[in-house]
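So the structure is just underneath, and the comments pick up after that.
Numbering (the working numbering), first residue to last: 230 to 554.
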């Protein structure tokens, strides 16, 4: 099992993914918390799945706790979310054109064969599947199936770019999918409860990936990742130096690192630097030259070039669009 490329260190800039998006969203946030009590009890078949009625203070704390669990996923705040329960009968393989959202599903019953980028995936009962945004794929339902589907979008065009099927997830993952489905309402454009639960779901998925891969990864490859995360701001640090430090061949390092983390060491280094750049952008007072230096770039132009490649715009434009109130 490979950890998808989007499991990288998060940015503190995304601690405010909702209330800083737009004045309209901030207004809805305020209206949502106008009353001292929030009606958020989610019940099914007489069973309270998640919450009683929470006070403003209690709900704020619970919301922040869930959001803080998001660890590496938080580098790309979610901006839209829809939830469905789908039942599909057995059918032959069909092509699904790329859709303008990411799809995360939990299969309750049945089985489906999915093919993305010429790679085959088998989604069975108790599996979580991710299909990236704008990705055309084929699917074949081999057994009548019932599944939860969450369609979402986020700012970072590179986030959630690696498809996966995660098998034998914990019961808590199922509970979170179900709670999101019950909390979701298409009439609410700003459903903070759904966003909060979704962040917890992503955090739970990340923990599952980590536990499945921890014992399989070569200790030297683990150390390579740790070195990158600790020394990314060092202008003199590079992958050749990392190979020498670990006493392994550069080609071997590249191959094994990608096998473990789904990205090459140099890509992981660049992503780590960019995530730090986004964090620093949320703080005032840094020039582009200072940002470049703090992120391990000797050249400001190379820093701007890499930032644009990974984020789709310049650092200042990114700050203007996503971080400024």
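All C-beta atoms in this analysis are idealised placements derived from N, C-alpha and C, irrespective of residue type, glycine included.
Are residue i and residue j closer than 8 angstroms when you measure CB to CB?
i, j, result
"residue 402", "residue 433", "yes"
"residue 345", "residue 360", "yes"
"residue 450", "residue 468", "no"
"residue 544", "residue 512", "no"
"residue 525", "residue 486", "no"
"residue 427", "residue 307", "yes"
"residue 438", "residue 392", "no"
"residue 458", "residue 501", "yes"
"residue 366", "residue 343", "yes"
"residue 421", "residue 453", "no"
When you compare only the Cα positions, how much space is there between residue i and residue j?
i, j, result
"residue 528", "residue 484", "28 angstroms"
"residue 518", "residue 546", "16 angstroms"
"residue 377", "residue 319", "17 angstroms"
"residue 475", "residue 492", "19 angstroms"
"residue 315", "residue 471", "48 angstroms"
"residue 423", "residue 399", "20 angstroms"
"residue 379", "residue 504", "26 angstroms"
"residue 506", "residue 323", "42 angstroms"
"residue 490", "residue 311", "29 angstroms"
"residue 441", "residue 355", "16 angstroms"
"residue 464", "residue 412", "47 angstroms"
"residue 388", "residue 473", "31 angstroms"
"residue 390", "residue 348", "14 angstroms"
"residue 397", "residue 536", "37 angstroms"
"residue 317", "residue 335", "14 angstroms"
"residue 329", "residue 515", "35 angstroms"
"residue 550", "residue 431", "24 angstroms"
"residue 530", "residue 497", "20 angstroms"
"residue 508", "residue 321", "47 angstroms"
"residue 407", "residue 325", "25 angstroms"
"residue 479", "residue 410", "46 angstroms"
"residue 499", "residue 523", "13 angstroms"
"residue 477", "residue 532", "28 angstroms"
"residue 447", "residue 488", "10 angstroms"
"residue 333", "residue 425", "16 angstroms"
"residue 353", "residue 309", "27 angstroms"
"residue 331", "residue 541", "18 angstroms"
Look up residue i in the DSSP assignment and give the residues it is bridged to.
i, result
"residue 381", "310 and 331"
"residue 341", "352 and 370"
"residue 325", "366"
"residue 376", "315 and 336"
"residue 401", "The partner list for residue 401 (beta bridge, DSSP) is empty, contrary to what the question assumes."
"residue 394", "358"
"residue 320", "370"
Can you give the beta carbon distance from residue i to residue j, rounded, assuming they're within the 8 angstroms contact cut?
i, j, result
"residue 429", "residue 405", "6 angstroms"
"residue 375", "residue 327", "Rounded, the Cβ-Cβ distance is 25 angstroms, inconsistent with contact."
"residue 548", "residue 510", "5 angstroms"
Q. Within the chosen definition, does the stretch 322-340 reach the stretch 368-382 through at least 3 CB pairs nearer than 8 angstroms?
A. The stretch 322-340 vs the stretch 368-382: in contact.
Q: Count the CB pairs spanning the stretch 415-424 and the stretch 382-389 that are closer than 8 angstroms, and state whether there are at least three.
A: Using a C-beta cut-off of 8 angstroms, the stretch 415-424 makes no contact with the stretch 382-389, since fewer than three inter-stretch Cβ pairs fall below that distance.
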